[in-house]
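**Q**
Numbering (the working numbering), first residue to last: 394 to 1298.
#1: Work out the CA separation of residue 873 and residue 923 for me, nearest whole Å.
#2: Measuring only the C-alpha atoms, how far is residue 645 from residue 1022?
#3: Secondary structure at residue 829, three-state DSSP: helix, strand or coil?
#4: Of all the options 1258, 1184, 497 and 1027, which has the alpha carbon lying nearest to the alpha carbon of residue 1126?
#5: Suppose contacts are defined by Cβ-Cβ distances below 7 Å. Is residue 444 in contact with residue 566 by that definition?
#6: Which residue from 1140, 1009, 1079 and 1171 puts its Cα closest to that of residue 1108?
#7: Let me know the secondary structure DSSP gives residue 605 once reduced to three states.
#8: Given this structure, state the Cα-to-Cα distance separating residue 1005 from residue 898, to the nearest angstrom.
#9: Check whether the stretch 916-936 and the stretch 862-877 are in contact - that is, three or more C-beta pairs closer than 8 Å.
#10: In terms of residues, what are the limits of the alpha helix (DSSP H) holding residue 461?
#11: Our contact map puts residue 1041 next to residue 766 with C-beta atoms below 8 Å; I'd like the distance itself, whole angstroms only.
#12: Alpha carbons only, please: which of 459, 447 and 453 is nearest the one belonging to residue 544?
#13: Strictly by DSSP, which residues pair up with residue 878?
#14: Nearest to residue 1164 by alpha carbon, out of 1103, 1240, 937 and 1156?
#15: Drop a sphere of 10 angstroms on the beta-carbon of residue 399, count the other beta-carbons inside from all chains shown, and report buried for 16 or more, exposed for fewer.
#16: Does residue 631 pass the burial test, meaning 16 or more other C-beta atoms within 10 Å, or should it be called exposed?
#17: Give the secondary structure of residue 662 by DSSP, where H, G and I count as helix, E and B as strand, and everything else as coil.
#18: Mapping the DSSP letters down to three states, classify residue 783 as helix, strand or coil.
#19: Sort out for me which residues DSSP pairs residue 1054 with in a bridge.
#20: Provide the residue(s) that pair with residue 817 in DSSP beta bridges, ordered along the chain.
#21: Just to confirm before moving on: does the CB-CB distance between residue 939 and residue 778 stay below 7 Å?
#22: At the level of alpha carbons, what is the spacing between residue 1173 and residue 1110?
#23: Can you name, in chain order, every residue of its own chain whose Cβ lies under 8 Å from the Cβ of residue 984, other than the five neighbours on each side?
#24: Per DSSP, which one or two residues make a beta bridge with residue 1025?
#25: Using CA atoms only, rank isn't needed, just tell me which of 1162, 1139 and 1115 is closest to residue 1177.
#26: Do residue 429 and residue 622 have their CB atoms nearer than 7 Å?
#27: Over the uninterrupted alpha helix (DSSP H) stretch that includes residue 593, give me the two end residues.
#28: Less than 7 Å between the beta carbons of residue 763 and residue 964, yes or no?
#29: Return the CA-CA distance between residue 744 and residue 1160, expressed in angstroms with no decimal places.
#30: In the DSSP assignment, the beta strand (DSSP E) including residue 570 goes from what residue to what residue?
#31: Hey, out of 1137, 1019 and 1074, whose CA is closest to residue 996's CA?
#32: Pick from 738, 730, 754 and 739: whose alpha carbon is nearest that of residue 747?
#33: Enumerate in chain order the residues of its own chain whose CB-to-CB distance from residue 1255 is below 6 Å, with the five nearest sequence positions on each side excluded.
#34: Here's the rule I'm using: 16 or more other beta-carbon atoms within 10 Å means buried, otherwise exposed. How should residue 1131 be labelled?
#35: Using a 10 Å radius around the Cβ and a threshold of 16 neighbouring Cβ atoms, would you call residue 989 buried or exposed?
#36: Counting pairs of Cβ atoms below 8 Å between the stretch 749-759 and the stretch 1080-1100, do you hit three or more?
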């Protein structure tokens, strides 16, 4: 509707305009207070405050304001510097850099260069993957370009004309024209409106639209404020959507000054708190550093005193330190994360933060919003019945007639989710023919003051034409419609509506509301043809005919998805801004366990420990705001849970950032997408199970690699320390130790592609350093024991006393035995044995290649550079005996381990 200056009150208290360049940038709470202050001022006062007028801004002034404001969108949360810092500061990358520096100081420049290259490659791979994910997320925002209609003047003296501008080019003081389907481009104060309704689900979680109007006369006393600014009829918020009606409003806040933008500043830019995996990796990293630092002086002292060659002892000490740390650990971990992220991308899931893949595997609790996730942003017609509770098609007929002509007589501008639900299947069930027998005459559209809509209809039947009677049909809230009725219709006729019956009808509405169903009342009355225009005064002496009921429409995939997630060991917690009764019903329909419902206002009396216990016990949280959602997430984390959060609104941003892994969807509010770690390109809840399983596969293979690598390295270090004390020469040259480790660690890259036991996918996984220490402590000594057995057998066939050639053969024999044993360990330690999936072909190739490298390297041209020599034939039976014994012992200890602890990896 076009807005004219005369539609405003002509008297307004003078308000001193505030200079635009001094507008404060408050947080969300202060932004809300600022908006409420604007809503309580007369329209002309608001225009003067923002140095605007009923004719809008001229183009030059608008451009000046845009330049003064600058790029004022919500701030990005992932910059290039941040990605680079995360890549370089990864714990294992730092360990590699330290080892490289130690090797260089000791004069082993080849080893130092090799370790440094691995650290660089690992960090670059992580940086590149996060960069690709951020670019993909940015591409999502570019899919839809949205504009706003503003009233602008080419010059100060020109007439104002409507103009389309990008949303980000709307400035304070702009007059914005609103119509159905428009996205609200800024925080607005309405100046005029006609039957305006706005969907505020992205900020409140409410599925039904809110009525907005600019009528100054209906505003209460200036001292009064509603419970929250979203309930104020004069305010429209950036990011919400116009459902029906029209309006003209002045922009009072744009960019980061809006409630949306202020919320984005309140969202912490730091990474979420550490998960069990993060803490476990950090513990292992420091344990490796401590072991490395402890091994250096021990090996240096023992080897130096025994042999007197301190330079050689220092090189051996560095080699042992290198052996303690798996050099490829950061690269393998990153490769596993990248593969997990890539596989998810093929399933239309974008991972913006790589470590979120591990967190998906560790996640045991998923907090989920209602609107837009479990439910569609629409409602369904679920019942229609007469005052006695019997299904009655006449009630549905009159409700549909009211909906149809409410839309038709307003040119399609008035109509909401309720009317859409009523008319959705009218042609399929045959009621469309009955509707064709009615002609709409006049309409009084729905508004949020009367809370009802009425239409005057003319039936196309002989009786109505003969008696010249029209039918008034009113549909609205039960309380308001019942209060207008004088009679009630049952199957046997119309009867007076007394106080007892009136209370009974109101009670029906309350009882259905407790079941999550919104009831509307339907009433009719006959009116003489040719009467004056229809007014609200005609809505009296009605006959109550029945009820129509509506419920939030559950996503088709919601219930199966919830059941699938529960089977996978996830606890689901609903956190919503909607009504508690509606939330309870949605949980029941979706199959969510509900022990009790707690509303946001009751959270203030709970400490975090009590809140955590409530959240872990099947509690549904309703009527909660953004800070409360984030507090619930943190309380769950404090209770030891690894928490995911699925949400799509601005009001979910704080919780998305607080969660261990934030999940959103492509069509979510921009701030929600920015705050999320994972973005679902398709709005399909079944993607959640696939996403979580991908995280668990990645988590399982990561833990598998860490256990195999550290167990093998522990055995090698123990063997080397024992050999250093027993042998009069170095058991292996430092360069040989490094090359052996590199061959083993490179082969471990194949575990990225390995299959995972189904048992590893049934529940969330946590990284427990104590479990890792137990695994290494029981399995590692097996390898060390057989290494020592091999030493004894090698000494039987090789003369090592004062014989450099014999010592070189000893080095070669242990080098070969070590790589053969590690190749066998890859196949034996990767799964629990019987019933497990076969190794993936890359794992088989890697294990075979590792074993072959131990056998063939002594026969290649590089053998001389490494100090290796071809083995004599009599060494091979000894290798076979040692490896057979090692394999049988490992299988045996694997069975014992599983009996003792109930699991393997």
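For glycine and all other residues, C-beta sits at the position ideal for the given N, C-alpha and C.
Bear in mind the structure is a predicted one, so any value in this text is a computation, not a measurement.
**A** Quick answer:
#1: Sequence index remark: in the chain shown, residue 923 carries index 530 (1-based). Sequence index remark: in the chain shown, residue 873 carries index 480 (1-based). Cα-Cα distance, rounded: 27 Å.
#2: Here residue 645 refers to the residue found at position 252 of the chain shown. Here residue 1022 refers to the residue found at position 629 of the chain shown. Cα to Cα, residue 645 sits roughly 28 Å from residue 1022.
#3: Position 436 of the chain shown, counted from the start, is the residue given in the question as residue 829. The answer is coil: DSSP assigns residue 829 none of H, G, I, E or B.
#4: Taking the chain shown and counting its residues from 1, one reaches residue 1126 at position 733. Between residue 1126 and the set 1258, 1184, 497 and 1027, the nearest pair of CA atoms involves 1258.
#5: To locate residue 444, count along the chain shown from 1; it is residue 51. To locate residue 566, count along the chain shown from 1; it is residue 173. Yes, the Cβ-Cβ distance between residue 444 and residue 566 is below 7 Å.
#6: Here residue 1108 corresponds to residue number 715 of the chain shown, with the count starting at 1. Nearest of 1140, 1009, 1079 and 1171 to residue 1108, Cα basis: 1171.
#7: To locate residue 605, count along the chain shown from 1; it is residue 212. Residue 605 falls in the strand class under three-state DSSP.
#8: By 1-based counting over the chain shown, the position of residue 1005 is 612. By 1-based counting over the chain shown, the position of residue 898 is 505. Cα to Cα, residue 1005 sits roughly 41 Å from residue 898.
#9: yes
#10: Position 68 of the chain shown holds residue 461. Segment 452-462, the alpha helix (DSSP H) holding residue 461.
#11: Counted from its first residue, the chain shown places residue 1041 at position 648. Counted from its first residue, the chain shown places residue 766 at position 373. Indeed, because the Cβ distance is near 7 Å, the residues count as touching under 8 Å.
#12: Residue mapping note: residue 544 aligns to position 151 of the chain shown, counting from 1. The residue with the shortest Cα to Cα distance from residue 544 is 447.
#13: In the chain shown, residue 878 corresponds to position 485, counting from 1. Looking at the DSSP assignment, residue 878 forms a beta bridge with 935.
#14: Taking the first residue of the chain shown as position 1, residue 1164 is located at position 771. In terms of CA proximity to residue 1164, 1103 leads the group 1103, 1240, 937 and 1156.
#15: Counted from its first residue, the chain shown places residue 399 at position 6. Any reading at residue 399 must be qualified, since the residue scores a pLDDT of 36, below 50, and its modelled position is unreliable; the value itself is stated next. Classification of residue 399: exposed, given that the 10 Å Cβ count is below 16.
#16: Indexing the chain shown from 1 puts residue 631 at position 238. Looking at its Cβ environment, which holds 16 or more other Cβ atoms inside 10 Å, residue 631 is buried.
#17: Taking the chain shown and counting its residues from 1, one reaches residue 662 at position 269. No answer about residue 662 holds up, because its pLDDT of 49 lies below 50 and its placement is not dependable.
#18: Position 390 of the chain shown, counted from the first residue, corresponds to residue 783. Assignment of residue 783 by DSSP, reduced to helix, strand and coil, places it in the coil class.
#19: As a working mapping, residue 1054 is identified with position 661 in the chain shown. Residue 1054 pairs with 1037.
#20: For the purposes of this step, residue 817 is taken as the residue at position 424 of the chain shown. Residue 817 pairs with nothing; no bridge assigned.
#21: On the chain shown, residue 939 is found 546 positions in, with the first residue counted as 1. On the chain shown, residue 778 is found 385 positions in, with the first residue counted as 1. Yes, they are a contact pair.
#22: Working through the chain shown from its first residue, we reach residue 1173 at position 780. Working through the chain shown from its first residue, we reach residue 1110 at position 717. Rounded to whole angstroms, residue 1173 to residue 1110 spans 10 Å at the Cα level.
#23: Taking the first residue of the chain shown as position 1, residue 984 is located at position 591. 952, 955, 956 and 959.
#24: Stepping through the chain shown from its first residue, residue 1025 is reached at position 632. DSSP lists no partner for residue 1025.
#25: As a position in the chain shown, residue 1177 is number 784, starting the count at 1. With distances taken between Cα atoms, residue 1177 lies closest to 1115.
#26: Taking the first residue of the chain shown as position 1, residue 429 is located at position 36. Taking the first residue of the chain shown as position 1, residue 622 is located at position 229. The answer is yes: Cβ separation under 7 Å.
#27: As a working note, residue 593 is residue 200 in the chain shown. Taken as a continuous stretch (DSSP letters only), residue 593 belongs to no alpha helix (DSSP H), as it is neither H nor E.
#28: Here the question's residue 763 lines up with position 370 in the chain shown. Here the question's residue 964 lines up with position 571 in the chain shown. Judged by beta-carbon spacing, residue 964 lies beyond the 7 Å limit of residue 763, meaning their Cβ atoms are not closer than that value.
#29: Here residue 744 is taken as the residue at index 351 of the chain shown, counted from 1. Here residue 1160 is taken as the residue at index 767 of the chain shown, counted from 1. Approximately 21 Å between the Cα atoms of the pair.
#30: As a working note, residue 570 is residue 177 in the chain shown. Looking at the DSSP string, the run of the beta strand (DSSP E) that includes residue 570 is 568-571.
#31: As a first step, residue 996 is located in the chain shown; it is residue number 603 there, counting from the start. Residue 1019 is the option with its Cα nearest to residue 996.
#32: Here the question's residue 747 lines up with position 354 in the chain shown. Closest option to residue 747, Cα to Cα, is 730.
#33: Within the chain shown, the letter at position 862 stands for residue 1255. So no residue of the chain qualifies.
#34: Here residue 1131 refers to the residue found at position 738 of the chain shown. By the 10 Å Cβ count, residue 1131 comes out buried.
#35: Here the question's residue 989 lines up with position 596 in the chain shown. By the neighbour-count rule (16 or more Cβ atoms within 10 Å), residue 989 is not buried but exposed.
#36: yes
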